[in-house]
Amino acid sequence: MTQASLDTAKPRELHIQIEKKNGIIRFALGSGFAVLHVDERGVKNMKLSTDLRNVLHAEILPDDVVKVATLARRRKALALVIIEGQLRDPETLQTAEEWVSNLMAAAYNGLTPRRRLKVLINPVGGKGYGLQIFEKQVKPVLAAARCEVDAVVTERSKHATELAESFSLDYDALLTVSGDGLIFEVMNGFRKRPDAAKAFALPICPIPAGSGNALSINLFGAKEGFDVALAALNAIKGKKMSYDLCSFTQDGETSISFLSQAIGLMADLDLGTENIRWMGDTRFIAGYLKGVANNKPCSMTLSMKVAQRDKIEMTRALRESQSPAALGSNMSSTTALTSEELRTDIAPRFAHEDIDGPGWFTFEKPILYVYAGTMPYVGRDMMAFPVSLPLDGLVDVSVQELVSRPLMLKMISGAEKGDQFWLPSQHYFKAEAYRLRPHDESGNLSIDGERFPYKEFHVETLKGLGTTLSMTGTWHSGDFGKGELPVKAKSTK
Ligand code: ADP
Ligand code: MG
514 MTQASLDTAK
524 PRELHIQIEK
534 KNGIIRFALG
544 SGFAVLHVDE
554 RGVKNMKLST
564 DLRNVLHAEI
574 LPDDVVKVAT
584 LARRRKALAL
594 VIIEGQLRDP
604 ETLQTAEEWV
614 SNLMAAAYNG
624 LTPRRRLKVL
634 INPVGGKGYG
644 LQIFEKQVKP
654 VLAAARCEVD
664 AVVTERSKHA
674 TELAESFSLD
684 YDALLTVSGD
694 GLIFEVMNGF
704 RKRPDAAKAF
714 ALPICPIPAG
724 SGNALSINLF
734 GAKEGFDVAL
744 AALNAIKGKK
754 MSYDLCSFTQ
764 DGETSISFLS
774 QAIGLMADLD
784 LGTENIRWMG
794 DTRFIAGYLK
804 GVANNKPCSM
814 TLSMKVAQRD
824 KIEMTRALRE
834 SQSPAALGSN
844 MSSTTALTSE
854 ELRTDIAPRF
864 AHEDIDGPGW
874 FTFEKPILYV
884 YAGTMPYVGR
894 DMMAFPVSLP
904 LDGLVDVSVQ
914 ELVSRPLMLK
924 MISGAEKGDQ
934 FWLPSQHYFK
944 AEAYRLRPHD
954 ESGNLSIDGE
964 RFPYKEFHVE
974 TLKGLGTTLS
984 MTGTWHSGDF
994 GKGELPVKAK
1004 STK
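Mind the numbering: the sequence shown is residues 514 to 1006 in my numbering, read in order.
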């Protein structure tokens, strides 16, 4: 990050009195924002130190009082801290005003403060704390940053779809205080709008308050993915990031899938565990153990329009995508996509192609599950698609062969790091489209965690149609692929 107009590399100090004690507040590009107390002997004592990106607002109040609102790390998560103090020698109103405006410029680094935010709150998501989370942890942070907030509490299932079909798009972002379910509903409201293209360009910014918070985990990582204040900071300072969505077609009707499609064991544990929703995301582990006990194949015909099937190549592409140059171009990448590339018409292009035709490949072995998606994490405990890229226009399809129970149990450990990717029995494809026909009469089919009829379906990618806000410009994939790569990983024949 460079700050051409302002040399903030040298610390800029402001002398104030905090509760009758002498204090200094200072900032510098390298060392962030800090609050120090100065004792009678002139010894400085650091009271608070935080990243400049965490600074939300600074202003001068009447009676020469300076006020700074910032987030700072408290134990595991960020928390709102307000610093207030009266100017003292040698400061004047003029030096203070200059200091405040320089701090704001450094803290926002080219971004426009005071965003206008639409907020949807699911009061029943996760453990049912959505409203409290918003009131206590989100609203104060947005208010401190002087955002304009228009909040609506959802009243019933599918209410978010109805709202998203018609609400004004005149906002900088849409915040969903919920899990992934509400985001799914919003996108499927967007697709019904005559101005769908404009709707999908409105960034959806997740505030984790559900039991499944995958979008948030993909933005902030497994450790910080549940940090509500960090998610609020992303709403205030995140940059637009485009990412691929999928179209899901069944019985001639097409909807949006932004997260995953699952059938077989992975669907059983997603949908078969609704009754233990209170467990939070541990329910996925409970469901997995149940599936291991059953260990039955899921009979199907799976055909894909495959673009890549070499695991090493995929991992290399992931590494390249994480280089600073690549990351820069991902931010606000909407402009990088030609209007032809940015598909706003979600109708599938390949639905009428024959799976025996050129370019299509049909998988033949007995399958335990098929799990497909476009972002690494499906939950905190599972990085199902470690090599997925936000904007490659491809959906990652993992096909797990039926394996012994002991091996299935072993697969749990390391799933949060994506280790299962390297198993020879896990076949991994990047595809433009795929079609899946289950052979059994009944079973679980999960699209973004929602139950769909157990019938043939067709999936295609919608390159760059999704928009979110990001502090990094890409998905989190932990340390995946950062070590030495296997000499030769078996690619699927
Ligand atoms: P979780 O991660 O716990 O599933 P989500 O936020 O994803 O939480 O939401 C789960 C579901 O809650 C959504 O699919 C939505 O239809 C439903 N929902 C939203 N608001 C309400 C409400 N007021 N009453 C009942 N259900 C609701
Ligand atoms: Mg992709």
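Glycine is no exception: its CB is placed at the ideal position from the N, C-alpha and C atoms.
Please read these numbers as outputs of a predicted model, since none were measured by experiment.
With 16 other Cβ atoms within 10 Å as the buried cut-off, status of residue 846: Residue mapping note: residue 846 aligns to position 333 of the sequence shown, counting from 1. Bear in mind that the predicted position of residue 846 carries a pLDDT of just 44, short of 50, making it too unreliable to give a figure here.
Expected contact under 8 Å - CB spacing of residue 747 and residue 890 to nearest Å: Taking the first residue of the sequence shown as 1, we reach residue 747 at position 234. Taking the first residue of the sequence shown as 1, we reach residue 890 at position 377. Wrong, their Cβ atoms sit about 16 Å apart, outside the cutoff.
The stretch 620 to 628 in contact with the stretch 691 to 709 per 3-pair CB rule at 8 Å: no
For residue 711, the nearest candidate out of 726, 733, 686 (CA to CA): The residue labelled residue 711 in the question sits at position 198 within the sequence shown. If we check each option's Cα against that of residue 711, 686 comes out closest.
Residue 736 - containing beta strand (DSSP E), residue span: Here the question's residue 736 lines up with position 223 in the sequence shown. Note, residue 736: premise wrong, no beta strand (DSSP E); alpha helix (DSSP H) at 727 to 737.
For residue 865, three-class secondary structure by DSSP: If you number the sequence shown from 1, residue 865 lands on position 352. Correct three-state label for residue 865: coil.
Assumed close pair residue 646, residue 689 - CB separation to whole angstroms, cut-off 8 Å: For the purposes of this step, residue 646 is taken as the residue at position 133 of the sequence shown. For the purposes of this step, residue 689 is taken as the residue at position 176 of the sequence shown. Incorrect: roughly 12 Å between the Cβ atoms, too far for contact.
Runs of beta strand (DSSP E) lying entirely within the stretch 659 to 728, each at least 3 residues, in chain order: 661 to 666, 686 to 691, 717 to 721
Exposed unless 16 or more other CB atoms sit within 10 angstroms - verdict on residue 570: As a working mapping, residue 570 is identified with position 57 in the sequence shown. Per the 10 Å Cβ criterion, buried.
For ligand 1, residues whose Cβ lies under 6 Å from any non-hydrogen atom: 635, 636, 637, 638, 639, 667, 668, 669, 670, 671, 672, 691, 692, 693, 694, 695, 698, 723, 724, 725
Reduced DSSP category for residue 824 - H, G, I as helix; E, B as strand; rest coil: Taking the sequence shown and counting its residues from 1, the one referred to as residue 824 is at position 311. If DSSP states are grouped into helix, strand and coil, residue 824 belongs with the helices.
Opening and closing residue of the beta strand (DSSP E) in which residue 558 lies: Reading the sequence shown from its first residue, position 45 is the one you call residue 558. Taken as a continuous stretch (DSSP letters only), the beta strand (DSSP E) holding residue 558 covers 557 to 563.
Among 554, 943, 978, 524, nearest to residue 770 - alpha-carbon criterion: Locating residue 770 in the sequence shown gives position 257, where the first residue counts as 1. Here the closest residue by C-alpha is 978.
Where residue 556 falls, given that 16 or more other Cβ within 10 Å makes a residue buried: Within the sequence shown, residue 556 is the residue found at index 43, counting from 1. Per the 10 Å Cβ criterion, exposed.
heavy atom of ligand 2 below 7 Å from residue 908 C-beta: Here the question's residue 908 lines up with position 395 in the sequence shown. Residue 908: yes, Cβ under 7 Å from ligand 2.
Spatial distance of residue 887 from residue 903 (CA atoms): By one-based count along the sequence shown, residue 887 stands at place 374. By one-based count along the sequence shown, residue 903 stands at place 390. When rounded, the distance between both Cα atoms is 7 Å.
Cβ-heavy atom distance, residue 901 to ligand 2, below 7 Å: As a first step, residue 901 must be located in the sequence shown, where it is residue number 388. Yes, ligand 2 has a heavy atom inside 7 Å of this Cβ.
Option in 814, 988, 669, 992 with minimal Cα separation from residue 777: For the purposes of this step, residue 777 is taken as residue 264 along the sequence shown, with counting starting at 1. When only C-alpha atoms are compared, the closest one is 814.
Contact test: residue 887 Cβ vs ligand 2 heavy atom, cutoff 7 Å: By 1-based counting over the sequence shown, the position of residue 887 is 374. Yes, Cβ of residue 887 sits closer than 7 Å to a heavy atom of ligand 2.
Sequence-distant residues of its chain with Cβ nearer than 8 Å to residue 851 (five each side left out): Along the sequence shown, read from residue 1 onward, the residue named residue 851 stands at position 338. Residue placement at residue 851 is poorly supported in this model, since its pLDDT is 48, which falls under 50; the coordinates still yield a value, given next. Cβ neighbours of residue 851 beyond the five flanking positions: none.
CB contact below 8 Å: residue 913 versus chain D: No chain D appears in the structure shown, which is made up of a single protein chain.
Contact belief for residue 535 with residue 551 at Cβ below 8 Å, rounded distance in angstroms: Position 22 of the sequence shown, counting from 1, holds the residue named residue 535. Position 38 of the sequence shown, counting from 1, holds the residue named residue 551. Their Cβ separation, rounded to whole angstroms, is 4 Å, which keeps residue 535 and residue 551 in contact under 8 Å.
Residue 663 beta carbon near ligand 2 (any heavy atom closer than 7 Å): Sequence index remark: in the sequence shown, residue 663 carries index 150 (1-based). The answer is no for residue 663.
Cut-off 8 Å between Cβ atoms - residues of its own chain near residue 683, not counting five sequence neighbours on either side: Taking the sequence shown and counting its residues from 1, the one referred to as residue 683 is at position 170. Excluding residues within five positions, the ones whose Cβ falls inside 8 Å are 629.
Assigned exposure category for residue 872 - 16 Cβ within 10 Å defines buried: Numbered from its first residue, the sequence shown carries residue 872 at position 359. Looking at its Cβ environment, which holds fewer than 16 other Cβ atoms inside 10 Å, residue 872 is exposed.
Candidates 654, 554, 572, 860, of which the one nearest residue 592 by Cα: In the sequence shown, the residue the question calls residue 592 occupies position 79. Residue 592 has its Cα closest to that of 654, out of 654, 554, 572, 860.
Boundaries of the alpha helix (DSSP H) in which residue 918 is found, first to last residue: Taking the first residue of the sequence shown as position 1, residue 918 is located at position 405. 918 to 925 is the extent of the alpha helix (DSSP H) around residue 918.
The stretch 988 to 997 / the stretch 911 to 922 touching (three or more Cβ pairs under 8 Å): no
Closest Cα partner of residue 765 within the set 528, 966, 543, 545: Against the sequence shown, residue 765 aligns to sequence position 252. When only C-alpha atoms are compared, the closest one is 966.
Closest residue to residue 824 among 553, 875, 717, 932 (Cα-Cα distance): Reading the sequence shown from its first residue, position 311 is the one you call residue 824. Ranking the options by Cα distance to residue 824, first place goes to 932.
Beta-carbon gap between residue 775 and residue 882 smaller than 8 Å: The sequence position of residue 775 within the sequence shown is 262, counting from 1. The sequence position of residue 882 within the sequence shown is 369, counting from 1. Yes, the Cβ-Cβ distance between residue 775 and residue 882 is below 8 Å.
Residue 615, buried or exposed, once every other Cβ within 10 Å from all chains shown has been counted against 16: By one-based count along the sequence shown, residue 615 stands at place 102. Buried: at least 16 other Cβ atoms inside 10 Å.
Cut-off 7 Å between Cβ atoms - residues of its own chain near residue 784, not counting five sequence neighbours on either side: In the sequence shown, residue 784 corresponds to position 271, counting from 1. Taking residue 784 as the centre and dropping the five residues before and after it, the same chain places the C-beta of 957, 959, 964 closer than 7 Å to its C-beta, in chain order.
Alpha-carbon to alpha-carbon, residue 832 and residue 595: Position 82 of the sequence shown holds residue 595. Position 319 of the sequence shown holds residue 832. A direct Cα-to-Cα measurement between residue 595 and residue 832 gives close to 40 Å.
Residue from 899, 700, 611, 927 whose Cα sits closest to the Cα of residue 987: Against the sequence shown, residue 987 aligns to sequence position 474. The shortest C-alpha separation from residue 987 is found at 899.
Identified DSSP bridge partners for residue 802: As a first step, residue 802 must be located in the sequence shown, where it is residue number 289. None, per the DSSP bridge assignment.
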